[in-house]
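Chemist: Sending over a structure as structure tokens; questions will come in a sec.
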């Protein structure tokens with residue numbers, strides 16, 4: 002049906018229905034990161050924040066305006082690993098949040114089941130299973146198709162199928178994806194072009210977030226210690242990851258956020274402070290002082 006142009010001119014448009022700020026319902030988004038960075042943990046915690054209809058379930062601080070049913074298709078990890086993740090996250094949730102998430106989150110292990118959304122029968126099962134969902138998470142993209150990842154034509158076709166899922170169900174579809182080797186090597190995993198494969202994967206998505214490991218440089222200029230502002234340092238930098246948005250079509254791009262790994266791999270927000278470097282003439286040598 003064509004858009005009623007006069008009505009659009011005249012009437013106040015409805016508010017956009019965001020799953021979380023910037024990620025619009027009925028669209029396709031991506032979350033990219035190198036392997037073993039924490040993107041699956043972040044995505045699972047994000048899924049729980051959408052599934053939780055009571056206070057206490059938004060551990061990653063996404064502040065969703067509305068909650069609802071979430072379907073998470075986990076293609077990389079076996080059931081025992083998923084159970085351990087859910088258990089670890091549950092240690093940070095109150096009982097009412099646990100119950101709400103258990104009611105609304107469908108976490109389905111599909112590793113080894115050879116799901117292929119390009120197959121009509123498989124596609125129909127995904128759509129039927131996701132009826133009424135607010136968010137569908139596909140972890141990871143490479144596990145749900147057999148196309149050429151480096152072909153823009155193939156990847157545009159794949160994203161169009163994901164858009165069909167989004168349009169049919171009304172849910173936002175979030176796929177998880179890895180970055181290319183060059184971006185991982187050069188520490189540029191927070192760039193829009195960092196995603197592995199054809200550019201159509203990100204060009205055709207409406208939202209793209211990333212999870213990046215803390216670099217050595219960041220570990221030397223950031224501190225999680227309020228009392229003395231000592232730098233995190235190289236030995237502890239593996240505990241911290243940065244979440245940000247590299248593409249956002251329907252809202253202003255938010256600031257990056259830092260998260261710290263806790264027992265079991267759970268990611269929780271953390272406030273980090275810049276260490277102010279000051280040069281002084283103390284005994285003929287420069288010195289550093291913390292910024293309070």
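Numbering (the numbering used here), first residue to last: 2 to 293. Glycine included, C-beta positions come from ideal geometry on N, C-alpha and C.
#1: Assuming residue 206 and residue 160 are in contact, meaning their beta carbons sit under 8 angstroms apart, how far apart are those beta carbons, in whole angstroms?
#2: Assign residue 247 to one of three DSSP states: helix, strand, or coil.
#3: Specify whether the region 42 to 55 and the region 100 to 109 touch according to this definition: at least 3 beta carbon pairs, one from each stretch, less than 8 angstroms apart.
#4: What residues in its chain sit with their C-beta under 6 angstroms from that of residue 294, if we drop five residues either side in the sequence?
#5: Express the C-alpha separation of residue 165 and residue 266 in angstroms, rounding to a whole number.
#6: So residue 140 packs on residue 73, CB below 8 angstroms; how close in whole Å?
#7: Identify whether residue 145 lies in helix, strand or coil by the three-state DSSP scheme.
#8: Quick one: measure Cβ to Cβ for residue 223 and residue 275, integer angstroms, because I've assumed they're closer than 8 angstroms.
#9: Per the contact definition of three or more C-beta pairs closer than 8 angstroms, is the region 34 to 43 in contact with the region 104 to 115?
#10: Tell me whether residue 131 sits in a helix, a strand or coil according to DSSP, three-state version.
#11: Quick check on residue 140: does DSSP put it in helix, strand or coil?
#12: Determine which residues share a DSSP beta bridge with residue 258 and list them.
#13: If you count every other CB in all the chains shown that lies within 10 Å of the CB of residue 121, and 16 or more means buried, which is it?
#14: Taking the alpha-carbon positions, what's the residue 64 to residue 22 distance?
#15: Terminal residues of the continuous alpha helix (DSSP H) containing residue 43?
#16: Just the C-alpha distance for residue 119 and residue 146, rounded to the nearest angstrom, thanks.
#17: Give the range of the beta strand (DSSP E) segment to which residue 107 is assigned.
#18: CA-CA distance, residue 324 and residue 185?
Modeler: This is what the structure gives:
#1: 6 angstroms
#2: strand
#3: yes
#4: Here the chain has residues from 2 to 293 only, and residue 294 is not among them.
#5: 34 angstroms
#6: 7 angstroms
#7: coil
#8: 7 angstroms
#9: no
#10: coil
#11: strand
#12: 244
#13: exposed
#14: 8 angstroms
#15: 40 to 52
#16: 6 angstroms
#17: 106 to 110
#18: Any question about residue 324 goes unanswered here, given that the chain covers just 2 to 293.
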